[in-house]
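Data first, discussion second: the structure below is written as structure tokens.
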Ligand code: GEK
């Protein structure tokens, strides 16, 4: 019963001890179900990542998918960008995620779409080199990086990019206004409830993410991207408190 096995039930029973969320094998096994039922607009953002990448990609440059998980954004780019010399570096520091990503890619067996252009690397995105990039994607990854490291990471990305290249940055957002913050959190929880998560699941997951997923405001993102040097930064998507920005060098 594949559909049942792949369903995210990790927080459906009361847990004695709630440890900080981490991207282990249990999470990797249910990840597509988890992210689709938890992140409003996820499928649209992944699809648009391909569309935007295809338009801004420059021949003889590289693409990066930072915090690639199971490679959904890489796959979207690989299918949309029509270049036999395309190379996509997909980086994640979870071995479990990458093993599963590799298996999924092999199972898809779709050579027509040139999926061999995706090169998975297990590493910390703070440690890798970024070179000659016209497209860099960080879909829901920066929020897991320690806030004090975010500027340096974005500077490194910026310096590794070509002029007119793009960064697609998708993040959960925070709000400084208390009522606004509460309303957006409530709406996100309505979304999770409508997707079959119980109050217990929502609450236990929220607690495990508290120290790990640290959202910032849209303003903080825009100011930082500007400071790093991006010439234009536009929010192109938002559903509840989940958003995506395109930043152009
Ligand atoms: C998607 N982009 O499906 N270095 C490398 N990877 C990291 C680091 C780090 N320092 N910190 C966290 N990760 C994907 C979804 S999920 C988002 C991204 C979510 C990785 C982590 O292992 C996980 O796979 C990913 O970032 C975040 O479009 O689960 O909400």
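In the numbering used here, the protein residues as written are 262 to 510.
For every residue, glycine included, the Cβ atom is placed at its ideal position computed from N, Cα and C.
Regarding residue i and ligand 1, is the C-beta to nearest heavy atom distance less than 7 angstroms?
| i | result |
| --- | --- |
| residue 328 | yes |
| residue 393 | no |
| residue 400 | yes |
| residue 334 | yes |
| residue 353 | yes |
| residue 358 | yes |
| residue 382 | no |
| residue 386 | yes |
According to DSSP, is residue i part of a helix, a strand, or is it coil?
| i | result |
| --- | --- |
| residue 330 | coil |
| residue 300 | coil |
| residue 290 | helix |
| residue 471 | coil |
| residue 520 | Residue 520 lies beyond the stretch modelled for the chain, which goes from 262 to 510, so this question has no answer here. |
| residue 479 | helix |
| residue 321 | coil |
| residue 352 | strand |
| residue 347 | coil |
| residue 381 | strand |
| residue 364 | helix |
| residue 388 | coil |
| residue 273 | coil |
| residue 280 | coil |
State the CB to CB distance for the pair residue i and residue j, rounded to an integer number of angstroms; the pair is presumed to be in contact (CB under 8 angstroms).
| i | j | result |
| --- | --- | --- |
| residue 346 | residue 321 | 7 angstroms |
Measure the alpha-carbon distance for residue i versus residue j and round it to whole angstroms.
| i | j | result |
| --- | --- | --- |
| residue 273 | residue 491 | 43 angstroms |
| residue 385 | residue 338 | 22 angstroms |
| residue 479 | residue 446 | 15 angstroms |
| residue 307 | residue 333 | 7 angstroms |
| residue 316 | residue 415 | 22 angstroms |
So, does the stretch 447-459 touch the stretch 469-486, judging by three or more C-beta pairs under 8 angstroms? By the Cβ rule, the stretch 447-459 does not count as touching the stretch 469-486, because fewer than three pairs are nearer than 8 angstroms.
contact_flag[the stretch 348-360, the stretch 416-423] where n(CB pairs < 8 angstroms) is 3 or more: No, the stretch 348-360 does not touch the stretch 416-423.
I'd like to know if the stretch 320-331 and the stretch 399-411 are in contact, where contact means that at least 3 CB-CB pairs between them fall below 8 angstroms. Counting Cβ pairs under 8 angstroms, three or more are found: they touch.
The stretch 492-503 touching the stretch 436-456, judged by at least three CB pairs closer than 8 angstroms: Contact between the stretch 492-503 and the stretch 436-456 is present, because at least three Cβ pairs lie under 8 angstroms.
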